[in-house]
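Heads up, the sequence shown is in our numbering, so the first residue is 106 and it goes up one at a time. Beta carbons are placed, not taken as given, at the ideal position from N, Cα and C, and that holds for glycine. Reading through the structure tokens given below for one structure.
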Amino acid sequence: MILKNNYIVKINIDYSLKIIKYIYLIPFILFSCEWFNDFDILENKISNLIKSHKGTFAVALKSLDDGNTILINENEIFHAASTMKTPVMIELFKKKHNGEVSFEDSLQIKNEFKSIVDGSKFELSSFDDSDEIIYKKLGKYISIRELVSAMITKSSNLSTNLLIDYINVKNVNKTMRDMGAENINVLRGVGDLKAFDKGLNNTTSAKDLLVIYEKLAMGLFINPSISNEMVEILKNQVYKDIIPKYLPDNIEVAHKTGWISGVRHDSGIVFLENGKKYVLILLSKNLDDDIEGAEFLAKISLEIFNHLS
């Protein structure tokens, strides 16, 4: 009987310990479910907004502190517009690290480029470029460092074409593949209308831009110093009409926009006050109104910020 009672007591103790263990876990389980539901609600809200709006959209969001992700139309292929300038910058920094390029070297400013279709010559118009000042420096020499900065912060098309001519554009795509971005394809510079008419365009997807920005944000491209140097350039972006538009002034965003008719993009890293950060990619095409499309994406950015901050 004593043995039996001891046995019974042992069983009761074991059972009690299990109950205590599960009670202890309940707050953590509830917290996780609450956060998951909140993030799930955010994704559903964004999806519903997109469905109610004219155009084709893609959203890729990743919180870099916990890895939680929202992907909507992430594999849809878009004309890259000026978002392709970030891959060009990445390739240049890679060449700089390998000793193939010195950013203190200079390139002569010219406005004459060759179409990838037939080698015929074309020029860029200063009126269609967001950086008109550089056209006043034709014939002069500007450092590669300055050209890279202008390409990203001012989205200078002339700087971009000069830099693309300077490097082998095929190397850009190889570097993208090495980073894990399978659908970023940089075929040419800006303003090659013959190539445009034949559908030979630079392309991207939200998922692939997410991949490269995550590596920059986490200091995983080559080394933290090089990754951070590129992030600092991206923080100086002049055009702030999408991701940062409605965010508080003290919130830093390292990003690159893109625009052609019917297309508005923004892609980058948002740094929160609490030290956390997230990567956000917003892509669009088939827009009836470009300005209204950018405004729509800016409101999605604010919605995301309000949930994550």
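**Segments of 3+ residues assigned as beta strand (DSSP E) that fall wholly inside the stretch 283-337** = none
**Item:** Helix, strand or coil at Gly373 [DSSP, three-state]
**Value:** Within the sequence shown, numbered from 1, the residue matching residue 373 stands at position 268. Gly373: strand per DSSP, three-state reduction.
**Message:** Closest to Leu385 by C-alpha separation, out of Asp145, Asn173, Lys159, His158, would be which residue?
**Reply:** The sequence position of residue 385 within the sequence shown is 280, counting from 1. With distances taken between Cα atoms, Leu385 lies closest to Asn173.
**Message:** Checking 8 Å against the spacing of the C-beta atoms, do Ala163 and Leu388 come in under that value?
**Reply:** Along the sequence shown, read from residue 1 onward, the residue named residue 163 stands at position 58. Along the sequence shown, read from residue 1 onward, the residue named residue 388 stands at position 283. In contact: Ala163 and Leu388 (Cβ atoms closer than 8 Å).
**Asked** Hey, how far is the Cα of Glu251 from the Cα of Asp270?
**Response** Reading the sequence shown from its first residue, position 146 is the one you call residue 251. Reading the sequence shown from its first residue, position 165 is the one you call residue 270. Rounded to the nearest angstrom, the two C-alpha atoms are 16 Å apart.
**Request:** Please state if the CB of Lys299 and the CB of Ser187 are separated by a distance shorter than 8 Å.
**Result:** As a working note, residue 187 is residue 82 in the sequence shown. As a working note, residue 299 is residue 194 in the sequence shown. Contact flag unset, no.
**Prompt:** Taking Cβ to Cβ, would you say Ile405 is nearer than 8 Å to Ile175?
**Reply:** Within the sequence shown, the letter at position 300 stands for residue 405. Within the sequence shown, the letter at position 70 stands for residue 175. Not in contact: Ile405 and Ile175 (Cβ atoms no closer than 8 Å).
**Request:** Check the C-beta distance from Phe198 over to Asn266 and give it rounded, since I have them as a contact under 8 Å.
**Result:** Your numbering for residue 198 matches position 93 in the sequence shown. Your numbering for residue 266 matches position 161 in the sequence shown. Actually they do not touch by this definition, with Cβ atoms about 19 Å apart.
**Request:** Specify the secondary structure class of Leu229 as computed by DSSP and reduced to three states.
**Result:** Numbered from 1 along the sequence shown, position 124 holds the residue referred to as residue 229. Residue state, collapsed to three classes: coil.
**Beta-carbon proximity of Ser235 to Ser260, cut-off 8 Å** = Here residue 235 corresponds to residue number 130 of the sequence shown, with the count starting at 1. Here residue 260 corresponds to residue number 155 of the sequence shown, with the count starting at 1. Cβ distance < 8 Å, so Ser235 and Ser260 count as in contact.
**Request:** Tell me where the beta strand (DSSP E) around Ala255 begins and ends.
**Result:** In the sequence shown, counting from the first residue as 1, residue 255 sits at position 150. Segment 249-258 is the alpha helix (DSSP H) holding Ala255; no beta strand (DSSP E) there.
**Asked** What whole-angstrom Cβ distance do Asp346 and Ala399 have, given they're in contact under 8 Å?
**Response** Translated into positions along the sequence shown, residue 346 becomes position 241. Translated into positions along the sequence shown, residue 399 becomes position 294. That pair is a contact at about 5 Å.
**Request:** Could you pull out every residue in the same chain whose Cβ sits closer than 7 Å to the Cβ of Glu228, ignoring the five residues on either side in sequence?
**Result:** Taking the sequence shown and counting its residues from 1, one reaches residue 228 at position 123. Excluding positions up to five away in sequence, the list reads Asn216, Glu217.
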